[in-house]
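A.B. asks: Structure below; questions to follow.
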Amino acid sequence: MKNYCFLLLSIFIFSCSQKKVDSAGFQNKAGLNLEKIDFKENPLEILKLKIDSSVNDQEEYVKKGYFEFFDYPIAHKLDPWNGKDSFYGKAYYSKVIDSIAYYQHINFNRIAFLTHKNKTVAILANAEIKSDTVYNDLIKQLDKQYGTPSFRPATTLDVFYEWTTKDRYIQIDYSKGMSISATSGKNIEMKQILNLKMLFFNKDAAKAIQEIQQTNYAKTKNYKIMDGDFKLYKGDPSKNIVLNDSLLNEKFKK
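All residue numbers for the sequence shown refer to our numbering, where the first residue is 710 and numbers rise by one.
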């Protein structure tokens with residue numbers, strides 16, 4: 710299970726309540742319906758003034774020419790995964806907004822779009838959920854809709870699943886952490902955060918990335934992935950033990 714910790718400091722009491730972040734409500738479905746994704750979405754049209762340009766704001770790298778704003782993956786010239794062709798596309802993230810997207814009864818407070826050659830190939834949604842039950846119920850719902858997961862972790866260290874449909878991969882990831890907030894006149898307050906990520910990736914686009922990674926490995930014997938928020942875990946040796954073992958066996962094979 711992944712763990713993380715956020716430190717939120719506030720001088721004024723009201724500053725902590727300006728933005729509600731409980732995105733996993735079960736009422737008032739609003740925003741983008743993630744069940745209706747067809748990869749024809751135009752992120753600039755959908756997000757408009759809601760784009761959060763600070764997500765990829767690595768000004769120092771931009772000045773050095775490692776990448777441009779919104780480039781994906783970040784710093785593709787500094788750490789290339791595919792040689793001179795390591796630039797893949799643009800990634801646009803929304804600001805944190807209540808109910809900017811939803812899937813069934815789960816509302817998400819941030820979405821992001823990955824484009825390749827100006828076409829949307831993946832959509833990522835984030836939510837803070839209230840309990841483990843929400844995540845477990847989502848797994849049951851996806852099992853009902855799409856059958857047995859096509860990929861899942863081999864250990865209990867991670868909690869993620871992938872389903873395969875005719876035209877897409879659907880990956881969900883779940884993590885727990887703690888937020889620490891301090892307000893004037895009150896004691897430090899600790900709160901557990903349950904974070905859900907849901908990734909929809911066009912099947913043809915994902916397969917093309919995987920083929921590039923495998924082809925490069927066959928040539929160089931150095932398995933490099935296109936890393937970042939839109940990563941499918943089955944193509945990552947750190948998440949896929951079977952893949953990792955096969956690479957190690959090949960590396961040390963006499």
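C-beta atoms are modelled at their ideal positions from N, C-alpha and C, and glycine is treated no differently. Note that this is a predicted model, so its numbers are computed, not measured.
Thinking C-beta only, is Y878 closer than 8 Å to L823?
C.D. replies: On the sequence shown, position 114 is the one that residue 823 refers to. On the sequence shown, position 169 is the one that residue 878 refers to. No; because the gap between Cβ atoms is not below 8 Å, this pair is not in contact.
A.B. asks: How many angstroms separate the CA atom of S859 from the CA atom of I889?
C.D. replies: Taking the sequence shown and counting its residues from 1, the one referred to as residue 859 is at position 150. Taking the sequence shown and counting its residues from 1, the one referred to as residue 889 is at position 180. Cα-Cα distance, rounded: 37 Å.
A.B. asks: Which one or two residues does DSSP pair with K799 in a beta bridge?
C.D. replies: Locating residue 799 in the sequence shown gives position 90, where the first residue counts as 1. Beta-bridge pairing links K799 to D780, T824.
A.B. asks: Could you check what DSSP says for V951 in three-state terms: helix, strand or coil?
C.D. replies: What you label residue 951 is simply residue 242 of the sequence shown in a count that begins at 1. Helix, per DSSP.
A.B. asks: Please check the pair Y883 and Y844, which I expect to be a contact at CB under 8 Å, by giving their CB distance rounded to whole angstroms.
C.D. replies: Start at 1 with the first residue of the sequence shown, and residue 883 comes out as number 174. Start at 1 with the first residue of the sequence shown, and residue 844 comes out as number 135. With 8 Å as the limit, Y883 and Y844 qualify as a contact, their Cβ atoms being about 5 Å apart.
A.B. asks: Determine the contact status of L905 and A836, defining contact as a CB-CB distance below 8 Å.
C.D. replies: For this step, residue 905 is matched to residue 196 along the sequence shown. For this step, residue 836 is matched to residue 127 along the sequence shown. Closer than 8 Å, so yes.
A.B. asks: Straight-line CA distance for K799 to P946?
C.D. replies: Mapped onto the sequence shown, residue 799 falls at position 90. Mapped onto the sequence shown, residue 946 falls at position 237. In a straight line, the C-alpha of K799 is about 25 Å away from that of P946.
A.B. asks: Just grab the DSSP bridge partners of Y811 for me.
C.D. replies: Numbered from 1 along the sequence shown, position 102 holds the residue referred to as residue 811. According to DSSP, which records beta bridges pairwise, Y811 is partnered with N742, N816.
A.B. asks: Note down the Cα distance separating K900 from K885, rounded to an integer number of angstroms.
C.D. replies: Against the sequence shown, residue 900 aligns to sequence position 191. Against the sequence shown, residue 885 aligns to sequence position 176. In a straight line, the C-alpha of K900 is about 11 Å away from that of K885.
A.B. asks: Under DSSP, the beta strand (DSSP E) around T873 begins and ends at which residues?
C.D. replies: Translated into positions along the sequence shown, residue 873 becomes position 164. Run containing T873: 869-873, per the beta strand (DSSP E) assignment.
A.B. asks: Tell me, to the nearest whole angstrom, how far the beta carbon of R819 is from that of S808; I am working on the premise that it is less than 8 Å.
C.D. replies: Taking the sequence shown and counting its residues from 1, one reaches residue 819 at position 110. Taking the sequence shown and counting its residues from 1, one reaches residue 808 at position 99. Their Cβ separation, rounded to whole angstroms, is 11 Å, which puts R819 and S808 out of contact at 8 Å.
A.B. asks: In the DSSP output, which residue or residues are listed as bridge partners for I918?
C.D. replies: Here the question's residue 918 lines up with position 209 in the sequence shown. None, per the DSSP bridge assignment.
A.B. asks: Find out if the Cβ-Cβ distance for the pair Q919, G944 is shorter than 8 Å.
C.D. replies: By 1-based counting over the sequence shown, the position of residue 919 is 210. By 1-based counting over the sequence shown, the position of residue 944 is 235. In contact: Q919 and G944 (Cβ atoms closer than 8 Å).
A.B. asks: Between the alpha carbons of D913 and K826, how many angstroms are there, rounded?
C.D. replies: Translated into the one-based positions of the sequence shown, residue 913 becomes position 204. Translated into the one-based positions of the sequence shown, residue 826 becomes position 117. Between D913 and K826, the C-alpha separation is close to 14 Å.
A.B. asks: How would you write the range of the beta strand (DSSP E) that K906 sits in, first residue to last?
C.D. replies: Here residue 906 corresponds to residue number 197 of the sequence shown, with the count starting at 1. 898-911 is the extent of the beta strand (DSSP E) around K906.
A.B. asks: In terms of DSSP beta bridges, what is I832 paired with?
C.D. replies: As a position in the sequence shown, residue 832 is number 123, starting the count at 1. I832 is bridged to F822, F909.
A.B. asks: Suppose the cutoff is 8 Å on Cβ atoms and the five residues either side in sequence are ignored; what does the same chain contact list for T864 look like?
C.D. replies: As a working mapping, residue 864 is identified with position 155 in the sequence shown. The residues are I950.
A.B. asks: Is it right to say L957 is buried, meaning 16 or more other beta carbons lie within 10 angstroms of its own, or is it exposed?
C.D. replies: For the purposes of this step, residue 957 is taken as residue 248 along the sequence shown, with counting starting at 1. Per the 10 Å Cβ criterion, exposed.
A.B. asks: Mind checking which residues open and close the alpha helix (DSSP H) that includes N845?
C.D. replies: Counted from its first residue, the sequence shown places residue 845 at position 136. Run containing N845: 841-855, per the alpha helix (DSSP H) assignment.
A.B. asks: Whole angstroms are fine: how far does the CA of I902 sit from the CA of K745?
C.D. replies: In the sequence shown, the residue the question calls residue 745 occupies position 36. In the sequence shown, the residue the question calls residue 902 occupies position 193. In a straight line, the C-alpha of K745 is about 28 Å away from that of I902.
A.B. asks: Express the C-alpha separation of S762 and S724 in angstroms, rounding to a whole number.
C.D. replies: Start at 1 with the first residue of the sequence shown, and residue 724 comes out as number 15. Start at 1 with the first residue of the sequence shown, and residue 762 comes out as number 53. Here S724 scores only 34 on pLDDT, less than 50, and its place in the model is too uncertain to base an answer on.
A.B. asks: Please classify Q880 as buried or exposed, where buried requires at least 16 neighbouring CB atoms within 10 angstroms.
C.D. replies: To locate residue 880, count along the sequence shown from 1; it is residue 171. It is buried - the Cβ of Q880 has at least 16 other Cβ atoms within 10 Å.
A.B. asks: Tell me the rounded alpha-carbon separation between G734 and T924.
C.D. replies: Locating residue 734 in the sequence shown gives position 25, where the first residue counts as 1. Locating residue 924 in the sequence shown gives position 215, where the first residue counts as 1. For G734, the predicted model reports a pLDDT of 43, less than 50, meaning its position is unreliable and no value from the coordinates is stated.
A.B. asks: DSSP three-state call for Y942: helix, strand or coil?
C.D. replies: On the sequence shown, residue 942 is found 233 positions in, with the first residue counted as 1. In this structure, Y942 counts as helix in the three-state DSSP scheme.
A.B. asks: Under 7 Å Cβ to Cβ from V730, same chain only, skipping five residues before and after it: list those, please.
C.D. replies: Locating residue 730 in the sequence shown gives position 21, counting from the first residue. For V730, the predicted model reports a pLDDT of 39, less than 50, meaning its position is unreliable; a value from the coordinates is still stated below. These residues qualify, in order along the chain: V805, N818, E837.
A.B. asks: Alpha carbon to alpha carbon, what distance is there between A834 and L847?
C.D. replies: Position 138 of the sequence shown holds residue 847. Position 125 of the sequence shown holds residue 834. Looking at the two C-alpha atoms, the distance is approximately 14 Å.
A.B. asks: What does DSSP give as the partner residue(s) for F860 in the beta ladder?
C.D. replies: For the purposes of this step, residue 860 is taken as residue 151 along the sequence shown, with counting starting at 1. BP columns for F860 point to E871.
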